[in-house]
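The structure under discussion appears below in the form of structure tokens.
Chains as they are written, first to last, in full-length UniProt numbering: chain A, 1 to 273; chain B, 1 to 273; chain C, 1 to 273; chain D, 1 to 273.
Below you can see the structure in the form of structure tokens.
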């Protein structure tokens, strides 16, 4: 889940909505896994340009410290993620969101047969960036490929090039559909989201547009009553069912969320010539 | 899950059966909770009279060390438990099985409104035993009440008296149905099981009788092929569906498993006069 | 360590001073233990009356999330504690500071032969408060005894009565010197500290008075340059050696820190008649 | 610490000797770090060719499960390690000993400026082995380089070549003294140890020869009384001071421990021509 808008208490976002992210860690309805109990992480922006992250290997639903921190942190931009490991170890350095400078990155999905592709992918990461890779996930590798291809200057192009590389390496190793990706990334001001998979059947991704509609959704969120029209949510699963309030990010597209701006564009891998 | 019989590799019991305990931690079908990810624990007997225990607060499905240990430990008697907390903190001292001397104790269920009853219950524990209570669960308290009432000499009577006390204290505090209990306890030689609740709708509990039938159930468990007729399982949920091979422990009864002996008796709380 | 004054970034307090609390977790010079690696905890006040707490069982020096949170939290009052267990389990519910409503409580020291005294002490806790005891430490029990005796209304008297009770119970059980205590407690506005032991040889406790002197101590703490004269530290060990800037809280006394007020008074147990 | 000999209860090795490995985690006298509280790990051989490993990120001295397991595991060969991180995250996948097939590997020391050298070193690992690297330590990288150079066939040569490569890469990046190494590795039958550093001032490494002498050292270890002449210890720090019983592995040498065989040879990096 990603939130952008007026500063809001993290607790309001994680614990209040009917089908909150904490609930989703127990009973995700739409994901490939029914339990996302392999870790939780949040990233948020405060006084500094660089965000802070809190990550834990314990399931979100029983993490006391997450609840404590959420009750005290007010932020205009939050990334929250619950993890179901696709094979790599459950450890803090493998929890999302990943951070680099001002940027956060999180991912729902996987790179197929990552073990086979990993060496070639990691070698394509800028050698100056390589030492900063801390964990062993496909997500972090994809992040660093995007950084290598200029994420900080032009996110859509960078991600398109990174995905093209993964598909190229994948095909070279006989993997038919290497990429399954819903990604959210941010520099603290704007949020870019991507929904694409090689096979064309990607995990769900939704965004909200009109906060007035979200307020109708969540009368119990008193805090939202004071929020302005800039409030935006991007979620893997809707926080509550309400026809019309949640718009699907179409498969094979990318989106930009910034203040009053909300754009969707087609996305396709950018193959090197 | 409890196992008694010829020494067997713990890995065979935890990871091999189709609906293994590890799977149950993800998708328990019959329990009140669909995910039991608040900890895991095993107790086993080796060279000594006192058993060893391994407990972890991480969900069973991602605990690497549990897998490692299971691959190396061979034991004639194993207790294994996956936890779904009914409110008390997730910490190692609140994981089952609990141990006292040669005895192990684990529990599926809860004592209603335990916070309200706790002080009176804990005060009824033998003052000499009281300092040994390490955690904060209702299960551990019930264990120490049973120990107070002579578990080490006459388990059925001790448990009957403990349950009677909980119901008495519960009623005194206006709790209609204080006890919901399926308990397994052992001294390393025999296993006693109890299935009882104040309301009469207790969580499931099954036992196996004829190992020949269990072998039919689990052709993939090669280790079982060498086992003799003493093999017994007691489980919350059947390891695999096979009509006739799993017998339900009737609600309101206790059972004894010892070598070739398997008995079921009615159980009711033993009120003090 | 306790801090009171203008809002300050927690990171400045925990990680900057030469002999910071994080360093002390590795190399405490004056304490009975040379390594305090059995857990860390902080409590801080923000928008609400009730403080938030972050606690971890990992040693302070390698806890990444503590660093992250510290970089983002600004607070006018901070309690920070590193733990060396005197026997009870290392678990989050046994880390300091303990919280009750608006109050925080932390402790350096121990109650002798606590296992022997525990039952009698716990029984003296107000039954209405008893269910809120989460862990198994002597510190938490002492806190709840103080709450029972009116900590929220008159802290010095409440602590004096609690200590008297512990000594009485201790003597009854043949323990000569039951109490070894340096305690800090706060309601978010004032901080009370206590330094007392039955034997008269209590762990160290220091306070700072004049912030101008502390600024001379810590030129590297730029943040302190902006702080007003209300800044107060209470520490187990001086953050840096500078004769005259750290005043010892005399053994057998209690102190009050509130804005510009700083008082020391004699402390002795208040025996019931 | 490494042990080889008749099967012994792990508890006897870890918790009994006066300056046991558990004590060393608190107060290492000879190491560069005074506290080794960033994790603990043991590897041991049982029924299978492949060893099992138990690893934890908690300090050795407060790890309850380690104590439990140690009380039940009997093994003829044990590797035990306590970690002081040289910068990489504290996580289970970064704890020693590392395992590959039948082999275990542990290391005291570091590769200087590892972040700078890492990419080149990792690229020299056999691509077929590369996906098996789980963590981010210099130790694991060195292990996989040794495996790449034929550790399983000729350990001394493999390690010599791996060290030569690290020095070459190091010098290329302007690192004067890239290697500081005391390594122990085993296939379950023999133990090879290496003590070498680029600068010539390596951490300590000792071995025992005559078990009769070790028995004189440790009268309190009753279990040792039954052990035969094959008992061998290799330790970073002597388990107890006793002149003559502990022999230093000279700096710049490698040793082989196998049953009644104990050899020391000079070690130097094997540069590719």
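Heads up, the beta-carbon is just placed ideally off N, CA and C, and yes, glycines get one too.
Query: Alpha carbon to alpha carbon, how far is residue 258(C) from residue 220(C)?; Result: 26 angstroms
Query: By the 7 angstroms beta-carbon criterion, what residues does the stretch 81-99 of chain C contribute toward chain B?; Result: 89, 91, 92, 93
Query: How is residue 248(A) classed by DSSP in three states: helix, strand or coil?; Result: strand
Query: With three or more beta-carbon pairs closer than 8 angstroms as the criterion, would you say the stretch 127-142 of chain D touches the stretch 86-95 of chain D?; Result: yes
Query: When DSSP labels each residue in this structure, what does residue 98(D) get in the three-state scheme?; Result: strand
Query: For a quick check, are the C-beta atoms of residue 79(B) and residue 46(B) less than 7 angstroms apart?; Result: no
Query: Counting pairs of Cβ atoms below 8 angstroms between the stretch 211-218 of chain D and the stretch 162-180 of chain D, do you hit three or more?; Result: no
Query: Please report whether the beta-carbon of residue 213(B) lies at a distance below 7 angstroms from any beta-carbon of chain F.; Result: The displayed structure is made up of protein chains A, B, C and D, and chain F is not among them.
Query: List, in order along the chain, the chain C residues whose C-beta lies closer than 8 angstroms to that of residue 118(B)?; Result: 130, 131
Query: Establish whether the CB of residue 62(D) and some CB of chain C are separated by less than 7 angstroms.; Result: yes
Query: According to DSSP, is residue 209(D) helix, strand or coil?; Result: coil
Query: Looking at the secondary structure, which residues open and close the alpha helix (DSSP H) in which residue 15(A) lies?; Result: 10-15
Query: Could you give the first and the last residue of the continuous beta strand (DSSP E) run that contains residue 76(A)?; Result: 74-82
Query: Thinking C-alpha only, which one of 72(B), 191(B), 54(B) is nearest residue 5(B)?; Result: 191(B)
Query: Three Cβ pairs or more, each shorter than 8 angstroms: is that satisfied between the stretch 111-125 of chain C and the stretch 138-155 of chain C?; Result: yes
Query: Is it buried or exposed for residue 72(C), if we count other Cβ within 10 angstroms and need 16 for buried?; Result: buried
Query: Mind checking who residue 263(C) pairs with in its DSSP beta bridge?; Result: 256(C)
Query: Would you mind listing the alpha helix (DSSP H) stretches within the stretch 45-77 of chain A that are 4+ residues and don't spill past its ends, in chain order?; Result: 64-70
Query: Answer yes or no: do residue 159(D) and residue 114(D) have a C-beta to C-beta separation smaller than 7 angstroms?; Result: no
Query: Closest by CA to residue 64(C), which one among 153(D), 54(D), 88(D)?; Result: 88(D)
Query: By Cβ distance below 6 angstroms, which residues in the same chain neighbour residue 271(C) in space, the five residues on each side in sequence not counted?; Result: 164
Query: Name the residue from 39(C), 206(C), 196(C) whose alpha carbon lies nearest to the alpha carbon of residue 56(C).; Result: 39(C)
Query: Using a C-beta to C-beta distance shorter than 7 angstroms, which residues of chain B count as neighbours of residue 188(D)?; Result: What residue 188(D) touches in chain B: nothing, since even the nearest Cβ is about 13 angstroms away.
Query: To which residues does DSSP link residue 215(D) through a beta bridge?; Result: DSSP output for residue 215(D) lists no bridge partner at all.
Query: Given this structure, state the Cα-to-Cα distance separating residue 251(C) from residue 202(B), to the nearest angstrom.; Result: 58 angstroms
Query: If you count every other CB in all the chains shown that lies within 10 Å of the CB of residue 167(D), and 16 or more means buried, which is it?; Result: buried
Query: Hey, residue 82(D) and residue 36(D): beta-carbon distance below 7 angstroms or not?; Result: yes
Query: Determine the closest residue to residue 3(C) out of 268(C), 254(C), 185(C), 173(C), with distance taken between C-alpha atoms.; Result: 185(C)
Query: Considering residue 135(B), what are the terminal residues of the alpha helix (DSSP H) in which it resides?; Result: Careful: residue 135(B) lies outside any alpha helix (DSSP H) and carries neither H nor E.
Query: Measuring alpha carbon to alpha carbon, tell me which of 169(A), 236(A), 261(A), 249(A) ends up nearest residue 111(A).; Result: 169(A)
Query: Name the two residues that bound the continuous alpha helix (DSSP H) containing residue 123(C).; Result: 114-123
Query: Give me the subset of the stretch 35-56 of chain A whose CB atoms are less than 8 angstroms from a CB atom of chain C, sorted by chain position.; Result: 44, 46, 47, 48, 52, 53, 54, 55, 56
Query: By how many angstroms is the C-alpha of residue 249(C) removed from the C-alpha of residue 261(A)?; Result: 59 angstroms
Query: Alpha carbon to alpha carbon, what distance is there between residue 238(C) and residue 188(C)?; Result: 23 angstroms
Query: Under 8 angstroms by Cβ, that's how I've got residue 207(B) and residue 247(B) pegged, so tell me the actual separation to the nearest angstrom.; Result: 6 angstroms
Query: Leaving aside the five residues before and after residue 230(A) along the sequence, list all residues of the same chain whose C-beta is less than 8 angstroms from its C-beta, in chain order.; Result: 4, 5, 6, 211, 259, 260
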